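Report on the following structure.
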Amino acid sequence: MISIYQIKKSIILTIAILAIGLTINAQAQSVSFTAEVDTNKIELGGAFQLSLAVSGVENIPGFNLPEIEGLNIRSSGSSTNITMINGHYEKSRTFTFSLFPMKVGFYEIPSFTAEIDGKTYSTEAISVEVVDTPGPVNNQIASSGQVPDSANTSIKDKLFLVVKTDKNKVYLGESLLVKIYLYVNGVSVRDPQMPRIEGVGFTVGEFDKRTQFQQIVEGVRYDVVEHDVFLYPTRTGTLELGPIKLDCNLLVKNNQQTNRRSFGSFFDDEFFEGIFDSYRRVPMTVESGKGVINVLELPQEGKPDDFSGGVGSYDFNVQVSPTDVKEGDPITLKMNVTGQGNINAVNFPKLKETNEIKLYEPQISQNNGDKILEQVLIPRSKTLTEIPAIKFSYFDSESGEYKTITRGPFPINVQEREGDIGLRIIGGDSKNDFNVEEELGSDIVFIKSEIGNVKPIGIKKYKQPSFYIIIVCALILWFFGYVYYLRNERLKTDVVYAKRKHAPKYAKKQIAKAKNFLVSEDKHGFYDCIYKTLKKYFSNKFHMPVGTVSFESVIDRCRISKADSDVLNNIKAKLKRIFEECDIVRYAAGQISHDIMQNSFEDLEEIIDFYERKF
Amino acid sequence: MVSTAVSQDKNIKYFIKGLIVLIALFVISPVNADDKPLARFVTAERFYKEKEYKKAIEQYELIIKDGEESGQIYYNLANSYFKNGNYGKAVLNYERAKRIMPRDRDVDYNYKYVLKLIKDFGSENKGFMIKIIDKFTGFHSDQELVTIGVTIGLVALGLYLLFLFMKVTLIIGKIILVVLSVLAVVYMGGFKYKVQKQVGTAVILDNSDARFEPREDATIHFKLNEGNRVKMMKFEGGWVKIKRADNKQGWVQQINLEGI
């Protein structure tokens, strides 16, 4: 049986052991400072990792590596590890660095010392070998049959910049074409930036598009990336150009060591080589050498007064249109400068405003290698016969001489303008606002004080019916007048027609007279009248000589359709009787009574009517 | 009995005479219906002199709203609009004044003055003939053209008849007739042309956009400025298809313009 005393004792003992153990533990964690590389041998173009591990210290400060020649050192950060070994904790901090060798050869990473808690710790030195890249990329053996000396190969042989200029002597104002070539062999370049040009005394133009091609130099095939850019010197003298730098990233294979850490030693076997390759990007700056450019000043001798500032080789053209205008009409003058050189800085020759020419603001535009000036001018009078010649002077850098191109003069034909020159709006889409010089009073005319003829809105006289009525009436009147005229004319020219028209009128008159005779019982007078009436009537009506009129001759003239023959017979009978009575009254007037006369009178009327109607 | 009959006759006579006089007076006397336009006109003048242009505009517009117009009223209204800064309305009313008084120098001057201040779109180079026709029709009002044309025509007809009756066969007579006939035709033709040109013309009142279609979201074809004169071609749902002086066509909202 375990007594309470025993239990108490074992507890105290356990605690004591534990306590001792802990104190032992606390003292057991030792401080260490180690340096390690992930590989001792790499190919040129690769990078290796240096890890500095400090453990056993609570507060571990940061680390900065000193420079090592031939190695490009970049910090990759640090990590903290806490591991459990044999029952106690260990805390360590690892600083990793990426080292990128520039040359083939042996490198010695020196030992590093650190002071921790008053004590000095140091790492061991490490040797690393860097060898050249083998393989089909290198055609040297194939072409020259010689084994190259790869011992001296550096990264600079694999990745470098070549800079070429078209001339190393330029004039101030001239442009300098710089071609930058990036040669790449045996390394993988990613994210190449635009080249940076440093140097004082010139401005850098815009980069053209980059081009890529392949080139074999001394038996080695390179991938080449070309950038072209124009430089414009801003001062004279000897200018240093460069170095030109280009930033990019190199794609670097992760070494086996790293792989091992990531994936475990099982995959260390050669069998797995290549499958689990991973890459990381290492930033890199490629530099060119330096160059010297001589910038010359333009010679003062022979410099024309109207020098445009253009340096290079140019062509100059002028267009004037239209050339046939009225005074006050606009003419457009177009100047065109094309060529190689500092076209931006070229100044156009200025035209002079004279009494005969009025000038307006010119408009200058530029596209690619063309600079265009458009200017509107207006001839003020017809005495203007030509636009004077225009000169363009530039400095030809090749020949080293000033050259002048003259265009014109341009003959102009200005015609007189009758009337006022109203507002001329020159070009519907012109951006310029031209000042109008014509009679612009300072204000509008004042209002009128008379109200004038106030009429209702919308009432137009010519829309009123009365307007049309008047016109129509007038036309009708005229029409009647015309018809009257025609009738008169016919009456005058057409005798037969006239006579025939006259017949009834005469007859009517005579009948009235006959009536009088009838009333006064004048038999002789009556029949005389009737006889005369009939004869004259028929003479007129049928255009017969009066003397030939008799019953027979009249009947002869009548031809009527069968339908009317009854009526005609009736009339004939009556007519016959009247003629007979005219004869009877001569020698036997007593036989004729008043009634007979009355009857005959009525018959006469009837006859006249009938003939009027039917003929 | 006889005397009363006679006096009755007299009364009737007097009555008829009086009626005739009344009718004559009515026919002869000037038809001056309202004094209101004149009162407003004078008031407006006072406002204009005191530079109260908005009030002047109000007065003139009231006259017009009442349905009365005269060239002078339009001219004064246009002046007032101009002073007030509405170039579009100014041009509109100058156009109206011009239609009534085409040869008035003041209207012409002010009209040209305003046009210089707005961005007008030049018409395509019109032919020489068209320029002459425009000048001719611009010189006369439409009423004048038709009246003169008709009158000359009737005179020509009358002379013709006269020559017929009087047996005038001289060449000069014939020439006169031909000339008169041509003139009559020219004037009547000019009248037709002017009326056709005047119909459906409008003035843009605000700077606006002419679009390809009568919709707010249609693409803009070109811009129109206040004071531009356009011809209205078609109407659709609050939009008007207009033609500019350079023959470009587009749709504008109806509120942005006003017919002359």
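Same order as they appear, the protein sequences are chains A and B. Taking the working numbering, I'd label the letters of the first sequence as residues 96 to 710. Taking the working numbering, I'd label the letters of the second sequence as residues 35 to 294. We put the CB at the ideal spot given by N, CA and C, even for glycine. Note that the structure is predicted; figures quoted are calculated from it, not measured.
Query                                                                                                                                                   : Result
Among the candidates V258(A), S283(A), I552(A), V284(A), whose CA atom is the shortest distance from the CA of L272(A)?                                 : V258(A)
Using 8 Å as the threshold, is the region 694-702 of chain A in touch with the region 663-683 of chain A, meaning 3 or more CB pairs across them?       : yes
Cα separation between N450(A) and P136(B)?                                                                                                              : 37 Å
Just curious, the alpha helix (DSSP H) that Y374(A) is in, first and last residue?                                                                      : No alpha helix (DSSP H) contains Y374(A), which is instead part of the beta strand (DSSP E) from 374-382.
Tell me, please, which residues DSSP counts as bridged to K486(A).                                                                                      : T501(A)
Does the beta carbon of G558(A) come closer than 7 Å to any beta carbon on chain B?                                                                     : As written in the sequence, residue 558(A) is Lys, which differs from the Gly given in the question. No, no contact with chain B.
Starting from E511(A), follow the alpha helix (DSSP H) in both directions and report where the run begins and ends.                                     : Run containing E511(A): none; DSSP gives neither H nor E here.
Residues of the region 542-558 of chain A in Cβ contact with chain B at a cutoff of 7 Å, in chain order, please.                                        : I542, K543, S544, E545, I546, G547, N548, V549, K550, P551, I552, K555, K556, Y557
Cβ closer than 7 Å: which chain B residues qualify as neighbours of V540(A)?                                                                            : D140, Y143, N144
What are the partner residues of H689(A), as DSSP defines its beta bridges?                                                                             : None; H689(A) has no bridge partner.
Please look up how many angstroms separate the CB atoms of N281(B) and K153(B), rounded, as I've assumed it's under 8 Å.                                : Contact flag wrong, Cβ pair sits at about 17 Å.
Whole angstroms are fine: how far does the CA of T215(A) sit from the CA of V225(A)?                                                                    : 31 Å
Whole angstroms are fine: how far does the CA of R188(A) sit from the CA of G178(A)?                                                                    : For clarity, residue 178(A) is Thr in the given sequence; the question names Gly instead. So the alpha carbons of these two residues sit roughly 11 Å apart.
Grab me the residues of A190(B)'s own chain with a C-beta within less than 7 Å of its C-beta, minus the 5 sequence neighbours each way, in chain order. : L211, L214, S215, A218
List, in order along the chain, the chain B residues whose C-beta lies closer than 8 Å to that of I485(A)?                                              : Result: empty, since nearest Cβ-Cβ is about 29 Å, beyond 8 Å.
Chain B partners of I566(A), CB-CB under 8 Å?                                                                                                           : V184, L188
Residues of chain A with CB under 7 Å from N110(B), in chain order?                                                                                     : I542, K543
Would you mind working out which of F710(A), V295(A), L345(A), S537(A) sits nearest L139(A), comparing C-alpha positions?                               : L345(A)
Which residues does DSSP pair with Y327(A) in a beta bridge?                                                                                            : T298(A)
Given that a residue counts as buried once 16 or more other Cβ atoms are within 10 Å of its Cβ, and exposed if not, what is E103(B)?                    : buried
Return no unless some Cβ of chain B is closer than 7 Å to the Cβ of G576(A).                                                                            : yes
Whole angstroms is fine: what's the gap from Y497(A)'s alpha carbon to D318(A)'s?                                                                       : 43 Å
Just verifying my parser: in three-state terms, what is the DSSP assignment at V180(B)?                                                                 : helix
Measuring alpha carbon to alpha carbon, tell me which residue in P287(A), F487(A), E269(A), D424(A) is nearest L391(A).                                 : E269(A)
Does any residue of chain A bring its CB to less than 7 Å from the CB of Y82(B)?                                                                        : yes
Considering only residues of the same chain and omitting the five flanking positions on each side of R585(A), which have a CB-CB separation below 7 Å?  : Y592
N439(A): buried (16+ other C-beta within 10 angstroms of its C-beta) or exposed?                                                                        : exposed
Compare the C-alpha of K453(A) against each of V471(A), F443(A), D465(A) and name the closest.                                                          : V471(A)
With a threshold of 16 other CB atoms inside 10 Å of the CB of Q461(A), please say whether the residue is buried or exposed.                            : exposed
Which class does Y455(A) belong to by DSSP, given the choice of helix, strand or coil?                                                                  : coil
Please list the partners that P71(B) has in chain A, where partner means a Cβ-to-Cβ separation under 7 Å.                                               : I546, V549
Shortest alpha-carbon distance to L581(A) belongs to which of W285(B), M222(B), G207(B), F199(B)?                                                       : F199(B)
Grab me the residues of A142(A)'s own chain with a C-beta within less than 7 Å of its C-beta, minus the 5 sequence neighbours each way, in chain order. : S193, L194, F195, V347, V377
Who are the neighbours of Y48(B) on chain A, taking C-beta pairs under 9 Å?                                                                             : Near Y48(B) there are no residues of chain A at all, since even the closest Cβ is about 33 Å away, more than 9 Å.
CA-CA distance, K630(A) and S688(A)?                                                                                                                    : 23 Å
For H174(B), report the span of its alpha helix (DSSP H) as first-last.                                                                                 : Here H174(B) belongs to no alpha helix (DSSP H), and DSSP marks it neither H nor E.
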